[in-house]
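Peer 1:
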Amino acid sequence: MLGLRIKVFLLSALFQFLIIAAVTNPQDAAILKSLKDIIVDGLPPNWQGSDPCGDQWEGIECSRSRVTAITLSSMGLKGSISGDITGLSELLTLDLSNNKGLKGSLPSSIENLRKLTNLILVGCSLSGPIPDSIGSLQQLVFLSLNSNSFIGKIPASIGNLSNLYWLDLTDNQLDGTIPVSDEVSPGLDMLVRTGHFHLGKNKLSGRIPEKLFSSDMKLIHVLFDSNQLTGPLPSSLGLVKTLEVIRFDRNFLFGTVPSNLNNLTNLSALFLSNNRLTGPIPNLTNLTTLSYLDMSNNKFDPSPIPSWFSTLQSLTTLTMDRTELESEVPATIFSLNLLQTVDLKQNRLNGTFDIGASHSSQLLSINLQSNSITAFTDRPGVYKDITIILAGNPICLESGDRKDYCRASERDSLYSTPPNNCLPTSCSSDQISSPTCQDSFNRTGISMIGYFLSNPTYLPPEEFRPLFFIGSQYLHFTGETRRSVKSTCIGVIIGTAAGGCVLLLLLVLAEVYAYHRKRRAEKANDQNPFAHWDQNKSSGSIPQLKGARCFSFEELNKYTNHFSDTNEVGSGGYGKVYRATLPSGQLIAIKRAQHGSMQGEQMLIYEYIPNGSVRDSLSGKTGIRLDWLRRLKIALGAARGLSYLHELADPPIIHRDVKSTNIMLDERLTAKVADFGLSKPMGDSDKDHITTQVKGTMGYLDPEYYMTNQLTEKSDVYSFGVLMLEILTGRRPIERGKYIVREIKMAMDKKKDLYNLYEILDPTIGLGTTLKGFEKFVDLSLRCVEESGADRPSMSEVVKEIEYILQLAGLNPNAESAASSADYDDASKGYQHPYGNESFDYSGGFPASKIEPQ
Numbered sequence: 001m002l003g004l005r006i007k008v009f010l011l012s013a014l015f016q017f018l019i020i021a022a023v024t025n026p027q028d029a030a031i032l033k034s035l036k037d038i039i040v041d042g043l044p045p046n047w048q049g050s051d052p053c054g055d056q057w058e059g060i061e062c063s064r065s066r067v068t069a070i071t072l073s074s075m076g077l078k079g080s081i082s083g084d085i086t087g088l089s090e091l092l093t094l095d096l097s098n099n100k101g102l103k104g105s106l107p108s109s110i111e112n113l114r115k116l117t118n119l120i121l122v123g124c125s126l127s128g129p130i131p132d133s134i135g136s137l138q139q140l141v142f143l144s145l146n147s148n149s150f151i152g153k154i155p156a157s158i159g160n161l162s163n164l165y166w167l168d169l170t171d172n173q174l175d176g177t178i179p180v181s182d183e184v185s186p187g188l189d190m191l192v193r194t195g196h197f198h199l200g201k202n203k204l205s206g207r208i209p210e211k212l213f214s215s216d217m218k219l220i221h222v223l224f225d226s227n228q229l230t231g232p233l234p235s236s237l238g239l240v241k242t243l244e245v246i247r248f249d250r251n252f253l254f255g256t257v258p259s260n261l262n263n264l265t266n267l268s269a270l271f272l273s274n275n276r277l278t279g280p281i282p283n284l285t286n287l288t289t290l291s292y293l294d295m296s297n298n299k300f301d302p303s304p305i306p307s308w309f310s311t312l313q314s315l316t317t318l319t320m321d322r323t324e325l326e327s328e329v330p331a332t333i334f335s336l337n338l339l340q341t342v343d344l345k346q347n348r349l350n351g352t353f354d355i356g357a358s359h360s361s362q363l364l365s366i367n368l369q370s371n372s373i374t375a376f377t378d379r380p381g382v383y384k385d386i387t388i389i390l391a392g393n394p395i396c397l398e399s400g401d402r403k404d405y406c407r408a409s410e411r412d413s414l415y416s417t418p419p420n421n422c423l424p425t426s427c428s429s430d431q432i433s434s435p436t437c438q439d440s441f442n443r444t445g446i447s448m449i450g451y452f453l454s455n456p457t458y459l460p461p462e463e464f465r466p467l468f469f470i471g472s473q474y475l476h477f478t479g480e481t482r483r484s485v486k487s488t489c490i491g492v493i494i495g496t497a498a499g500g501c502v503l504l505l506l507l508v509l510a511e512v513y514a515y516h517r518k519r520r521a522e523k524a525n526d527q528n529p530f531a532h533w534d535q536n537k538s539s540g541s542i543p544q545l546k547g548a549r550c551f552s553f554e555e556l557n558k559y560t561n562h563f564s565d566t567n568e569v570g571s572g573g574y575g576k577v578y579r580a581t582l583p584s585g586q587l588i589a590i591k592r593a594q595h596g597s598m599q600g601e602q603m604l605i606y607e608y609i610p611n612g613s614v615r616d617s618l619s620g621k622t623g624i625r626l627d628w629l630r631r632l633k634i635a636l637g638a639a640r641g642l643s644y645l646h647e648l649a650d651p652p653i654i655h656r657d658v659k660s661t662n663i664m665l666d667e668r669l670t671a672k673v674a675d676f677g678l679s680k681p682m683g684d685s686d687k688d689h690i691t692t693q694v695k696g697t698m699g700y701l702d703p704e705y706y707m708t709n710q711l712t713e714k715s716d717v718y719s720f721g722v723l724m725l726e727i728l729t730g731r732r733p734i735e736r737g738k739y740i741v742r743e744i745k746m747a748m749d750k751k752k753d754l755y756n757l758y759e760i761l762d763p764t765i766g767l768g769t770t771l772k773g774f775e776k777f778v779d780l781s782l783r784c785v786e787e788s789g790a791d792r793p794s795m796s797e798v799v800k801e802i803e804y805i806l807q808l809a810g811l812n813p814n815a816e817s818a819a820s821s822a823d824y825d826d827a828s829k830g831y832q833h834p835y836g837n838e839s840f841d842y843s844g845g846f847p848a849s850k851i852e853p854q
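full-length UniProt numbering numbers the first residue of the sequence shown as 1 and each following residue consecutively.
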């Protein structure tokens, strides 16, 4: 009987414990309910009832009836962070990352969260200063406030966070000097346990304090890139023996590089490029683990290539362009076992270039463009997998050598979102159309993925950044993951059993598919408005149409000598491009789809454009010097072409891939808009936008289009704005992870001459001369790249602005256009560069010759 009573008592106590555990602390429950009124959108649908802990609200974790974690990353939250949230006194983790609709400031009452270990607010739209009270959160381990719009100085009180391991304030608008401690205030030098200083992409200024670093520190990453720091690198940096990554590139540092950096034997990446460093190139012989070295664009003393380069056995990437190097290039560099990329362009390297027979098997690219190299020891077949660029050297300029290594090959990174339903018939009703058809997550799962991606222990290389996780667009939330997995397993079994039948069926369908492909191609040819373009009967800017010429495969095979490699002139996402000559003597370019190309199987034939693309000229590949006036006229020609597409074509056309490799230049440097492979026509029902999967080229891609999938003509305007900045700087939109739009905005100062952009501008634009209309051109460019499409001008407005700028520069844009139209009647028949799909000239033709696949 006593035993029974004990059991009943224990069961009763357990029952009472469960009831207590299920009931949320009244104060915590009230705070979470108040959040529901402030967060206007994006909260999980199960935030119902009065017991967040007992009802297991998604994103909420509890312990002993107290709320200990709020994890709502990538939920599409809209609203602000209320000061009420700081009443959750037991909170350990607050993660609201990647919610762009989350605005306002960080409340100063944040100091009340004394037990907080993780404060993660990455990628929101928070603004205002970071409150000084944040230094009261003594338990903080992770402080991630990067990619917001915080302003003001870095709070010196952060130096009080003695347990801090991760400090990330990257990509904000923080300014002022780097705080270090004194007799009155704390500073970042006190963070001796911190492993990560991520403070790049801000507006920090002044000198880097010598006191900032010490031998007691355990720093792994020191990232201060893309700020406005001045003065020399402090020698104290060489005392932090734990360092693995150092980034001070894109600042205004001067003076010599401290010699004791050679003591940092754990260093794997060193970025000091784009500063004003002087003196000798530092000796880094001891850095045996160094894999990435970039000290480009500095003013080091002229010197031969250092012999210690050849001792860095872990080196994968060596970038030293514009560093005053002058000597022959030693072949010993290329024997490093892990070496992949060498960039030594725009130095004074000379003599004979020889890679050597024992080069690294990993070697992918060597760029020695614009040096003084007079000879190259080529080994046919040995270097076939290595991209070698010697354009701009005497070996190419004086001899007229047309070999591959004399072309500055630069390719853009095409971007395309997957189709909305990539495998529409492969998954059952309770599964997701994904490559495996078995991945489904509830909101907590999505939020946790966002949490881990917001807290990496190692940042990816620049070429793979920025890294974003957008969980708010994930629509397949489910709690029935077991059923999904079960369905997948059943599907695999059934699929295996039916495999033989499917194979037989596919063989039958193949013939039917081929027949329909041919019929569809014939129909597309009939419906293609550019297949009947009459180049000789154009009236003004309105095209007339006629029949197109078709070629047989046998003809093209003959013209290209069986598509031999000697006639290959380029390649792209579509396939390879070959140059050929018709019996009439006319040069043509033939685009032949590569095996597996997703852009179609027809060959496309165009007249050949001799001067290539704007990108070719900006890179120095063509040898054409683009001064200020030529660049203005090129911008005007391209703008007029896009304006025609948007407002005069019927139906209007959105190009969707405006970029410098798609603006072609004929022998008179007339600009032609080319490559309509991604273009979209606008029907009567599409006057505002077209809902479509995102396609385009990274760097030129409209962020509004990327976020919403809503394509408008303003997406072309954004891309054109990036093109204008590229025309100014000569730089590609994204170089070493640096985005040209952001770089211009950060460097720009309207109170200074040339808007303080002197260091960024392309030197061949004519610096030292008067660039009339320059400021208005920059202003127009930045209006085109406004975040909101509604704030961007139309292309017709852009045309008028550039015409006005040309007038300021002393030219009559209307006279120039008339002359171009008259002079180029014979030339503007749609000359096509190898990278284009179709070419369009504002005053010329648009051929679309094609053949059926054989």
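Each residue gets a CB set at the ideal place from its N, CA and C atoms; glycine is no exception.
To the nearest angstrom, report how far apart R549 and K384 are at their CA atoms.
Peer 2: When the Cα atoms are used, R549 and K384 turn out to be separated by approximately 37 Å.
Peer 1: Should G612 be labelled buried (16 or more other beta-carbon atoms within 10 Å of its own) or exposed?
Peer 2: buried
Peer 1: What are the residues that DSSP puts in a beta bridge with H221?
Peer 2: H196, V245
Peer 1: Taking all protein chains shown into account, decide if V245 is buried (16 or more other Cβ within 10 angstroms of its Cβ) or exposed.
Peer 2: The residue is buried, with at least 16 neighbouring Cβ atoms inside 10 Å.
Peer 1: Whole angstroms is fine: what's the gap from E555's alpha carbon to M664's?
Peer 2: 27 Å
Peer 1: For L161, name the three-state secondary structure that DSSP assigns.
Peer 2: Of the three classes helix, strand and coil, the one that applies to L161 here is coil, per DSSP.
Peer 1: Taking 8 Å as the cut-off, decide whether the C-beta atoms of E803 and L645 are in contact.
Peer 2: no
Peer 1: Once the 5 residues before and after D826 are set aside, which same chain residues still bring their CB inside 8 Å of it?
Peer 2: The predicted position of D826 is uncertain, since its pLDDT is 30 and thus under 50; a value taken from the coordinates is nonetheless stated next. Result list for D826: empty, nothing under 8 Å.
Peer 1: Need the endpoints of the alpha helix (DSSP H) that W628 sits in, please.
Peer 2: 628-647
Peer 1: Identify every residue that forms a DSSP beta bridge with P129.
Peer 2: I151
Peer 1: Strictly by DSSP, which residues pair up with V257?
Peer 2: Residue pairing by DSSP places V257 in no beta bridge whatsoever.
Peer 1: Hey, which unbroken runs of the alpha helix (DSSP H) at 4 residues or more fall wholly within the stretch 681-756?
Peer 2: 703-708, 713-729, 740-747
Peer 1: Distance check for S226 and A639, CA to CA, integer angstroms please.
Peer 2: Distance between the alpha carbons of A639 and S226 is about 31 Å.
Peer 1: Taking contact to mean at least 3 C-beta pairs separated by less than 8 Å, is the stretch 664-673 in contact with the stretch 695-708?
Peer 2: no
Peer 1: Count the other CB atoms, across all protein chains shown, that sit within 10 Å of the CB of D294; report buried if there are 16 or more and exposed otherwise.
Peer 2: buried
Peer 1: Taking 8 Å as the cut-off, decide whether the C-beta atoms of V23 and G54 are in contact.
Peer 2: yes
Peer 1: In whole angstroms, give me the CA-to-CA distance for I110 and S82.
Peer 2: Near 10 Å, if we compare the C-alpha coordinates of S82 and I110.
Peer 1: Since D37 is in the alpha helix (DSSP H), which residue starts that stretch and which ends it?
Peer 2: Counting along the chain, the alpha helix (DSSP H) containing D37 begins and ends at 26-38.
Peer 1: If you follow the alpha helix (DSSP H) that S781 is part of, which residue opens it and which one closes it?
Peer 2: 774-784
Peer 1: Exposed or buried, what is D702 when buried is set at 16 or more other beta-carbons lying within 10 Å of its beta-carbon?
Peer 2: Burial call: buried.
Peer 1: If you scan the stretch 43-103 from start to end, which runs of the beta strand (DSSP E) of 3 or more residues do you find wholly inside it?
Peer 2: Counting only runs of 3 or more residues that sit fully inside the stretch 43-103, the beta strand (DSSP E) segments are 60-63, 66-71, 78-80, 93-95, in chain order.
Peer 1: To the nearest angstrom, how far is it from the Cα of I305 to the Cα of K621?
Peer 2: 25 Å
Peer 1: Look at the Cβ atom of N393, then the Cβ atom of L368, and state whether they are nearer than 8 Å.
Peer 2: yes
Peer 1: Should the stretch 93-108 be called in touch with the stretch 61-75, which here means at least 3 C-beta pairs below 8 Å?
Peer 2: yes
Peer 1: Using CA coordinates, which residue listed in P302, T764, V40, D343 is at the minimum distance from S327?
Peer 2: Checked all of P302, T764, V40, D343; the closest Cα to S327 is P302.
Peer 1: With a 10 Å radius around its C-beta and 16 neighbouring C-beta atoms as the bar for buried, classify C562 as buried or exposed.
Peer 2: Note on residue identity: the sequence assigns His, not Cys, to residue 562. Its Cβ having fewer than 16 others within 10 Å, H562 is exposed.
Peer 1: Using 10 angstroms around the beta-carbon of K680, count the other beta-carbons present and answer buried if the total reaches 16, otherwise exposed.
Peer 2: buried
Peer 1: Among the residues of its own chain, which have a CB less than 7 Å from the CB of Q647, if the five just before and after it don't count?
Peer 2: Correcting the residue type first, residue 647 is Glu in the shown sequence and not Gln. Around E647: S796.
Peer 1: Taking only the alpha-carbon atoms, compute the straight-line gap between S181 and E210 and give it to the nearest angstrom.
Peer 2: 12 Å
Peer 1: Thinking L290 and L270 are a contact (beta carbons under 8 Å), I'd like their distance in whole angstroms, please.
Peer 2: 7 Å
Peer 1: Between D378 and S358, what straight-line distance do the alpha-carbon atoms span, to the nearest angstrom?
Peer 2: 14 Å
Peer 1: From this set, V382, N371, G381, which residue's C-alpha is nearest I395's C-alpha?
Peer 2: N371
Peer 1: Starting from the Cα of C124, find the closest Cα among Q138, S149, Q139 and give me that residue.
Peer 2: S149
Peer 1: Give the C-beta separation of Q27 and G87 to the nearest angstrom, bearing in mind that I take them to be a contact with Cβ-Cβ under 8 Å.
Peer 2: 6 Å
Peer 1: Can you tell me which of the three DSSP states M795 falls into?
Peer 2: helix
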